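Chains as they are written, first to last, in my numbering: chain C, 22 to 183; chain L, 380 to 795.
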């Protein structure tokens, strides 16, 4: 297949009112679209008929809230950090900084519910048996220290080369 | 000749006035070449795989606890549920960084201009909202749930189950909707497939972005490394809750195999269940043609058997332990019932959804299914179900009923 071939094969090419893209092709998209729609409808029906176990206002709050949390908080914060790094860090140090920040950031997010310990039960010492705040702090410091070392080495190498 | 559906869905919609195109809507507002179709497709392939694993293992766990008529769950191998549910939670946790990476990659699409170029785009964007909402919600509430924190206002398991159908459906719809982009993104860079279906100008633009991604300030290799290391870090720090040899390495795991009363972690405590004061008047009733009413001493007089079986919590953690007690099938036989009778096991616990569980025929007849009196060589601790608990191979922890007081023929609780 060459780059020109799909265009030549476009059956709509002669039609001046043709759509920007075809929704109908490739044919195998329907193998995903139709079962996918069926699964979504099945899930929605299940939620609607779950009665008191799933109050729909709570469900909607978490559903919309989750999308907003990622779109308006987590991703913008990360993009802002990336923007800052282009201003503050030498180019050679940026890959290490990004990797270090990503690892420590994700560990923090995943550990946060354990650090907050809202489910902690003093009668059950087998649940949350560690000091998660301190453990996380050590992990983050180690990850950031390693990325700082790797970044510094990269900058020094770059300087020696130029 | 254009087909009618395409004419409707593909009709070009008027764009809003250009003056409104500000901030993140400006062209070039997101300069990184890693915001590309290629990175989105490739991260998406891993994420799609992870979601499929989560969905299937989740569905299995649902069927084990609420079996449809055609479904039968075996008693052997004893570790199957442990592996399946450990995989469910570990894959869900690993999906958190994958999803964040994926959402970052496609973030500029949120500010696409015009916001909806055609009805097809409008529908597609609504479908993406469903996908993002359901995906983030599943991972977020799942994580909060394994921290045993319930701020939801809904019942977690029911919601997680139905939202799981929405999430996997939305993933499938997304794959179908993005079929051309996925095909290009997964094709080798520079191959004809990588620009299939694009006009020359768009193809050149796409190729330039992918070429720049190789050498940009944060290059593709750093992106891939960040994605891989975040997944690795999350997995390594938590998976020891189900993979016992890694228990001490997984410093963020909410439970440690070997830590708890008698060296075994606990989910429901005797204090919460209200079963701390079990006295000498305790009796185990086995209903049947020859009804039994057994004291603890009567149970100890039955032949005792020892089995090494895991507790495998739906929250993902699991741990092996050595249990000693009476075979359930021996008790059923003594009560005049066939050894493979389906029975309901009832707890002294007064409330909660899990105070009763159904033992299906494969588990009832299994010689490894015990009404355990001892754990790791000692009389059961109250938190492990003193005086008697059910322990059967290949069942979720919520169905290993503690503080057992009654065994009745028939399906009555979870698992039936």
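Cβ atoms here follow ideal geometry from the backbone N, Cα and C, with glycine treated the same way. Small disclaimer: the values here were computed from a predicted structure and weren't measured.
Residue from the options whose Cα sits closest to the Cα of residue i
{"i": "residue 485/L", "options": "156/C, 157/C, 91/C and 73/C", "result": "91/C"}
{"i": "residue 149/C", "options": "105/C, 122/C, 158/C and 135/C", "result": "135/C"}
{"i": "residue 671/L", "options": "779/L, 507/L and 709/L", "result": "709/L"}
{"i": "residue 417/L", "options": "582/L, 451/L and 563/L", "result": "563/L"}
{"i": "residue 792/L", "options": "770/L, 764/L, 617/L and 733/L", "result": "733/L"}
{"i": "residue 48/C", "options": "533/L, 549/L and 556/L", "result": "556/L"}
{"i": "residue 184/C", "options": "531/L, 426/L and 608/L", "result": "Because residue 184/C is not part of the residues shown, which for chain C are 22 to 183, the question remains open."}
{"i": "residue 425/L", "options": "665/L, 606/L and 612/L", "result": "606/L"}
{"i": "residue 493/L", "options": "730/L, 714/L, 392/L and 717/L", "result": "392/L"}
{"i": "residue 568/L", "options": "769/L, 782/L and 420/L", "result": "420/L"}
{"i": "residue 542/L", "options": "55/C, 50/C and 77/C", "result": "77/C"}
{"i": "residue 141/C", "options": "509/L, 498/L, 481/L and 528/L", "result": "528/L"}
{"i": "residue 769/L", "options": "481/L, 702/L, 506/L and 583/L", "result": "702/L"}
Segment limits, alpha helix (DSSP H) that includes residue i
{"i": "residue 563/L", "result": "558-565"}
{"i": "residue 796/L", "result": "The displayed coordinates of chain L run from 380 to 795. Any statement about residue 796/L would go beyond what the structure contains."}
{"i": "residue 404/L", "result": "From DSSP, residue 404/L is part of no alpha helix (DSSP H); its letter is neither H nor E."}
{"i": "residue 90/C", "result": "No alpha helix (DSSP H) contains residue 90/C, which DSSP labels as neither H nor E."}
{"i": "residue 397/L", "result": "Premise fails: residue 397/L is in no alpha helix (DSSP H) and is neither H nor E."}
Residue(s) in a DSSP beta bridge with residue i
{"i": "residue 699/L", "result": "689/L"}
{"i": "residue 796/L", "result": "There is no way to answer for residue 796/L, as the model of chain L reaches only from 380 to 795."}
{"i": "residue 520/L", "result": "DSSP output for residue 520/L lists no bridge partner at all."}
{"i": "residue 793/L", "result": "736/L"}
{"i": "residue 785/L", "result": "664/L and 725/L"}
{"i": "residue 694/L", "result": "Paired residues: none, contrary to the question."}
{"i": "residue 671/L", "result": "665/L"}
{"i": "residue 775/L", "result": "691/L"}
{"i": "residue 757/L", "result": "754/L"}
Sequence-distant residues of the same chain with beta carbon closer than 6 Å to residue i, five excluded per side
{"i": "residue 719/L", "result": "740, 743 and 744"}
{"i": "residue 735/L", "result": "723, 725, 791 and 792"}
{"i": "residue 591/L", "result": "412"}
{"i": "residue 626/L", "result": "619, 635 and 636"}
{"i": "residue 524/L", "result": "535"}
{"i": "residue 714/L", "result": "665, 667, 669 and 671"}
{"i": "residue 704/L", "result": "749, 750, 751 and 752"}
{"i": "residue 673/L", "result": "663"}
{"i": "residue 116/C", "result": "none"}
Distance, residue j Cα to residue i Cα
{"i": "residue 69/C", "j": "residue 538/L", "result": "11 Å"}
{"i": "residue 585/L", "j": "residue 602/L", "result": "18 Å"}
{"i": "residue 667/L", "j": "residue 478/L", "result": "53 Å"}
{"i": "residue 749/L", "j": "residue 737/L", "result": "14 Å"}
{"i": "residue 171/C", "j": "residue 589/L", "result": "26 Å"}
{"i": "residue 762/L", "j": "residue 441/L", "result": "26 Å"}
{"i": "residue 410/L", "j": "residue 594/L", "result": "14 Å"}
{"i": "residue 79/C", "j": "residue 63/C", "result": "19 Å"}
{"i": "residue 654/L", "j": "residue 147/C", "result": "18 Å"}
{"i": "residue 646/L", "j": "residue 145/C", "result": "8 Å"}
{"i": "residue 788/L", "j": "residue 521/L", "result": "35 Å"}
{"i": "residue 766/L", "j": "residue 640/L", "result": "15 Å"}
{"i": "residue 445/L", "j": "residue 383/L", "result": "45 Å"}
{"i": "residue 402/L", "j": "residue 93/C", "result": "14 Å"}
{"i": "residue 96/C", "j": "residue 755/L", "result": "48 Å"}
{"i": "residue 616/L", "j": "residue 59/C", "result": "37 Å"}
{"i": "residue 507/L", "j": "residue 578/L", "result": "25 Å"}
{"i": "residue 74/C", "j": "residue 533/L", "result": "6 Å"}
{"i": "residue 436/L", "j": "residue 472/L", "result": "14 Å"}
{"i": "residue 581/L", "j": "residue 87/C", "result": "34 Å"}
{"i": "residue 28/C", "j": "residue 583/L", "result": "Below a pLDDT of 50, predicted positions are generally treated as unreliable, and residue 28/C, at 45, falls in that range; the measurement from the model is reported next regardless. Between residue 28/C and residue 583/L, the C-alpha separation is close to 15 Å."}
{"i": "residue 682/L", "j": "residue 624/L", "result": "33 Å"}
{"i": "residue 394/L", "j": "residue 46/C", "result": "25 Å"}
{"i": "residue 85/C", "j": "residue 512/L", "result": "6 Å"}
Sequence-distant residues of its chain with Cβ nearer than 8 Å to residue i (five each side left out)
{"i": "residue 799/L", "result": "Outside the shown range of chain L, which is 380 to 795, sits residue 799/L, and nothing can be said about it."}
{"i": "residue 102/C", "result": "122"}
{"i": "residue 30/C", "result": "Only weak support is given to the placement of residue 30/C: the predicted model assigns it a pLDDT of 48, under 50, and the question is left unresolved by the model."}
Chain-order list of residues whose beta-carbon lies under 7 Å from that of residue i (same chain, five-residue window excluded)
{"i": "residue 620/L", "result": "629, 632, 633, 634, 695 and 696"}
{"i": "residue 576/L", "result": "559"}
{"i": "residue 174/C", "result": "none"}
{"i": "residue 154/C", "result": "136"}
{"i": "residue 690/L", "result": "643, 697, 698, 700, 776 and 779"}
{"i": "residue 598/L", "result": "592"}
{"i": "residue 693/L", "result": "440, 464, 775, 776 and 777"}
{"i": "residue 430/L", "result": "474, 546, 547 and 550"}
{"i": "residue 712/L", "result": "718"}
{"i": "residue 110/C", "result": "118"}
Enclosing beta strand (DSSP E) for residue i [first to last residue]
{"i": "residue 769/L", "result": "768-770"}
{"i": "residue 491/L", "result": "Unbroken run through residue 491/L: none, as it is neither H nor E."}
Partners in chain D for residue i, counting only beta-carbon separations shorter than 7 Å
{"i": "residue 168/C", "result": "Chain labels in this structure do not include chain D; the protein chains are C and L."}
Residue i beta carbon near the ligand ADP (any heavy atom closer than 6 Å)
{"i": "residue 131/C", "result": "The ligand ADP is absent from the structure shown, which contains no ligands of any kind."}
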